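Residue numbers (the numbering used here), protein chains in the order written: chain A, 6 to 823; chain B, 6 to 823.
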């Protein structure tokens, strides 16, 4: 267990005094108080669940000051000092003496755990200062002490503060002074400028809003807006039937001379769309909604003075229009909600009455949140520069749909979803289908529309075309005006890391602030981790961006924060993805299976005579039908066997390994593989993996649930599970990154190169980016193969590939650690 | 997908009219209304999320009446009939046309899915009747339509009903007319007659109460009480260190002549304990609490007029006393809360003031709920006959702690927890340790107390002794006065099925009503399953038992309800665990590895000459150290290999198999194995498994999450995930049941028989009970082995066992299915 806090804001003593007294922890004369009395009174404040002083005293006696004395016993005879203060503080943070910290020497334990502490406690000033910092310190349950007190009811007395005194901030972060039992749930219908279902009427878009009751008293609050195409339901049974068969052969592309300009997407001019006549305006909506499909970060902020807004967009249940899977129309359907929140677009209380409703309760500052498609739409919205969007927290987001469903001129599925494609996802999210009485009128149009998407995505060639160019948000990055937080899993093979890497790199060239969090998970949220104060970081960020609080968020949060892949619960702050002092290293992959520095000209060091026998390296793509089928039905086994030896895949790939490293190194950024290859056919594809070889305990693939429902988002409000990546059983290796290339896309992704059977061609392929520490004693491996059972088509064809054994190179950025 | 409803109560038409009008679905003259108008008005009631009529009409148009017409379009031209009524009904139940039902023939789909429907709809009476039943019908999301409407806000208008009109029942079940945003959360301290920490003062027990606001207006509500020793936290780090080493040899027991009377537990006479002086009485508690460790069944009922009470008992955080792991004191600490709820015991607002607080809001009817230790304490409480306890819903409960931590004179751990024992669990739940300032005063006493438990449990012999006799609730079953619901997983190898089997059998002899639900899960709750209306069943049961509603619950709920292990989502109602028409069948296990009917005297049918060569069957217990360690670290692999061939375990067990059955059979009750065996040492143990052999898809070991947070416990209230067992990948076999015996406990569990090396003894061993269907084409297998890697000690000793090849018999109850 280790605690990493980045949103613990240093504060001047005057600020501490002021904020503590605002929260009624201390009175004006606190500095004059007797040290023990001050301490006792502060501790008594830590039992808000007890309503009378006698009972608070009972609770106080449950805290140990030393191995032999409870706090009341200690206070009777001795005076609080640094050690005793933190011995008690650790208990308040829910750490347990003996097993989790040493009560005789809490500071040592705190240092080991990474828990903040002061170094001096001699007078009331020190005590007040230390107590302030303690309130902002993370405990064992993934929250600050103040959050914990809030969960016990501390802020109940603040619910009734006049709105002029709300929200309440402490240590730069908004506090739960909003009564979540009185939240207002309402639905509005935002009128877009779209007509994606071509019925001649502007598509109306349903938005679900949750806002604090205080808005009714005049408080203007910002909105956390999550655009989730899934949140009105999905058509799982329908899409199961339309998922594409991936057990098909790779198709040779007819060579062409296409240029980018020929496939470039250009928006069609807009046609006039009929809008509703306004028949009046009201302040209250006419519709409520049951439990929404929420994000717990939004839930947390709801208790702290932020509204939450959920909208699913065109073609979802209760909205008009059709899904388009990532096109400009979907972006526009996303920004329409922001425009309404910012006062620049109309919404109605229903779909027919023409009664308008404004977002009169909103302070016109909006942040977008959410993961995957949700984060993707946040990114998409940001690239429009829409007014009112102050920031996005874009998690595991697609930045270019080609990088989601395609790679290197190939159809490459997100891992775990073979056969999925843009059309499948469009259908899956087309929850308007569930309104059967409405759907029956648009069924035909929808089928035609969907067929167009199927044609546009072009599974035959896998090339980058106009369809994909229309779905490439990177083209519009320069329009981004808001500051951006990105979160991505370095093991996310659903939305592959290139998506965030390209966005991150593009943002570095713009005059906006960007922050990047890279974790060791797959396709997950990280706001419920024990080791990281992600929620606090976002609270700090959102309090600054949406309420304009000057809390130093931009400086406090690291530019790049990366979770260590070797040690549990360890996060590193960095300036950039690739460190300035990283070296670009070129390794040659020798015919005898070694990865060596370019300068090591001969193989003799490894017992060879310097003239390796095999100047050509061959591998095949086909498998016995039985092995093939076994791998199709067990992709995990295929992944394992590919990097192992003595398996049915031995002749289906070439493996190179470095010698064991004598110290830890970190591989950064996107590696490049260059080689000369020939295919036995006039078409072909190569896949690549970098592997960390070395039997070792590694972080689990999925985080462990430390405690179910252990995180309260507020007092008697929603909960989250407390999670953490733990070291799992030892494994012999781990895949670091991968890449794919169609041999007919050597030049670029839109134009098909020629290829002849049995003729060498040279290729350069950039793999997915990485940030991976290889431990001393481990080896780096490179694997070249063809069919990727989990991602590419699987033709099980008799194709052989031959590499020029002397020409394979791997270029990587390496940071040597001391 | 299949829906199984047992709590759908048949109702007279007059009742239907009355209840529908009470819920404001219809007016007095409904029967006179035009059929279409009546239908439309009923449908408009199904959109409580829309607050005005115009908007309800918009929603109505989202329903399809036929393949080509929405409901409004249909109504304009045609009149509702049976088909159209159910085509729309199925949409209200959230089934989707095309993929989930045939809109042209909904009745056929409903029959296939098991969804209730009427067979005639010709006039308003039929329509009203059908609509009533529809409201009580389960949909795709595991809830009734009326629950679904409640989740959309239907009952908001009923929150303000005068308490004289609350609770509201419909179809025999309580409805969510209680405002969960106004629940009262309070803590009281119940004064017990115990002094388990020997401080001379009565142990005070913390209870957390959640009750509807309506109680403040005079409503008396029953209480659902969950006694969970875990709910104040557990000492996981502490117990990790004290978990017992199971890689130890089996110990020979010194033969003795102990009788039961010599080990029988007798309670010590009670000594006087100092009670608090009452210094006054108040109506409101002084303490609240954050998010409790809740059971979603309680959450569901909270919205329906039942209070929830959680208490952890002696030795848990904020309570006094010590944990005893299942002793009489723990039972008494459990019933103390009930006595307070029933008005027969004192509670205080804190631990020192002497200010009393009564459960004035309680109607003195209490039900206990919860799974595992929670269900165990419910069973324990029931065996006291305590006044006020009207029923228990005891899930996956221990009925005898010997059957939890021991078996057949052996230390046998709950599966997945090797090395756990009563002392470990006592320490784990001793959350009083977390009150460090209090704990430091009782540390020594606690350590002495714990050492006594360790001695008492006696891991050396594994015999039944006074310690275990004190923890055998079955001895007191005759005291049970309340009706009992039992729920248990047929694959629960944590709390093994014998626990529920023995309780079930004992209850059949008592004048109480008992109901048994046997599911195919392991150690899980089943209140969130799509296929079963368990929550409705419990609502029906609790409305009857705690509010006295005459709803036919006792007749409607089957005596035994068992989930099919072959088909998905299929539940069978039965009269008893073992069907009356089941046959007791004796199979002989032949020297050549066959399981045959006793009458088949010779093996010749299988190609043998009738005189099998091997009259003795030998197997060893030891393994190569490497194999041993591999199995220790991968119990799943051991389980797999034991029943497979060509594994390191080939010589470590004897396997017999029946011929393939030509039709399905069901094995019922507890099988018995009889055999003659000799050990190569003067001690030894045997383990047994019955196996269902036959490569087939079987239900997954754990249920699949169909939809996260899809079940609302009420409007904007807590949620649960929707779960179901789905058929998983084909497996070659499945374990049905198992058993264990120490060869020195041939006579009984408390007395140690003598055993000489290499001398035959005869044994009878009753395995854990089962209720398992073997499909036609499958074979029944019996395996005899010694060390159970997951449960027994693992000495990896050089012991060989020899069976008399002609004397092994298996006795089972078999029901032949037609």
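The beta-carbon is built from N, C-alpha and C at its ideal position, and this holds for glycine as well. This one's a predicted model, so the numbers in the text were calculated from it and none came from an experiment.
Taking 4 residues as the minimum length, the region 671-706 of chain A contains no alpha helix (DSSP H) run wholly inside it.
Against chain B, the CB of residue 193 of chain A has no partner CB under 8 Å away; the residue lies outside that interface.
Considering only A:551, A:572, A:620, A:522, the residue with the shortest C-alpha distance to residue 581 of chain A is A:522.
Shown in chain order are the members of the region 43-67 of chain B whose Cβ falls below 7 Å from a Cβ of chain A: 54, 55, 56, 57, 59, 60, 63, 66, 67.
Counting only runs of at least 4 residues, the region 19-56 of chain A fully encloses the following alpha helix (DSSP H) elements, listed from N- to C-terminal order: 40-49. Taking a beta-carbon distance threshold of 8 Å, residue 725 of chain B does not count as an interface residue toward chain A. Residue 822 of chain B sits close to residue 670 of chain B, with the two beta carbons spaced by under 8 Å. Residue 560 of chain B sits in a helix when the DSSP states are folded into three classes.
For residue 373 of chain B, the enclosing beta strand (DSSP E) has its first and last residue at 367-373. Residues of chain A whose Cβ lies closer than 7 Å to the Cβ of residue 442 of chain B are, in chain order, 66, 67, 68, 69, 75, 76. Within the same chain, 778, 780 come within 6 Å of residue 571 of chain A by CB-CB distance, once the 5 residues on both sides are set aside.
Within the region 356-380 of chain B, contact with chain A at the beta-carbon level (separation under 9 Å) is assigned to 356, 357, 358. Here DSSP, grouped into helix, strand and coil, assigns residue 389 of chain B to coil. The criterion of a C-beta distance shorter than 8 Å is satisfied by residue 745 of chain B and residue 793 of chain B. When CB distances to chain A are screened at a threshold of 7 Å, the residues of the region 416-444 of chain B falling below it are 439, 440, 441, 442, 443, in chain order.
Residue-level contact by beta carbon holds for residue 190 of chain B and chain A, with a gap shorter than 8 Å. If you ignore the 5 residues before and after residue 454 of chain B, its C-beta comes within less than 6 Å of the C-beta of 327, all in its own chain and listed in chain order. Rounded to whole angstroms, the Cβ separation of residue 544 of chain B and residue 179 of chain B is 6 Å, and the two are in contact under 8 Å.
Partner residues in the beta bridge of residue 784 of chain B, as assigned by DSSP, are B:698. By the neighbour-count criterion, in which 16 or more other beta carbons inside 10 Å mark a residue as buried, residue 588 of chain A falls on the exposed side. Residue-level contact check: residue 296 of chain B touches chain A, since one or more beta carbons of chain A fall below 8 Å from its beta carbon. Of all C-beta pairs linking the region 67-85 of chain B to the region 401-408 of chain A, fewer than three are shorter than 8 Å, placing the two stretches out of contact. Assignment of beta strand (DSSP E) within the region 316-373 of chain A, counting only whole runs of 3 or more residues, yields 360-362, 367-373 in chain order.
Chain order gives no chain B residues near residue 573 of chain A, where near means a beta carbon separation below 7 Å; the closest approach is about 15 Å.
Residues of the region 198-222 of chain A with a Cβ closer than 9 Å to any Cβ of chain B: none. If one requires a minimum length of 3 residues, the beta strand (DSSP E) runs lying completely within the region 483-564 of chain B are 488-494, 519-524, in chain order.
Interface annotation, residue 720 of chain B: in contact with chain A, CB-CB separation under 8 Å. Close CB contacts of residue 93 of chain A within its chain, under the 8 Å cut and outside five residues either way in sequence, are with 48, 68, 69, 70, 76 (chain order). A direct Cα-Cα distance of roughly 11 Å separates residue 712 of chain B from residue 239 of chain A. Straight-line spacing of the CA atoms in residue 87 of chain B and residue 123 of chain B works out to 8 Å. Fully enclosed beta strand (DSSP E) runs of no fewer than 3 residues occupy 189-196, 209-216, 226-232 of the region 177-258 of chain B, in order along the chain. If you draw a straight line from the Cα of residue 500 of chain B to the Cα of residue 287 of chain A, it is about 59 Å long.
Interface criterion not met: the Cβ of residue 400 of chain B is under 8 Å from no Cβ in chain A.
As for any beta strand (DSSP E) of minimum length 3 sitting wholly inside the region 737-761 of chain A, there is none. Annotation: residue 285 of chain B is outside any alpha helix (DSSP H); the continuous beta strand (DSSP E) that includes it extends over 285-287. DSSP places residue 446 of chain B inside the alpha helix (DSSP H), whose first and last residues are 441-462.
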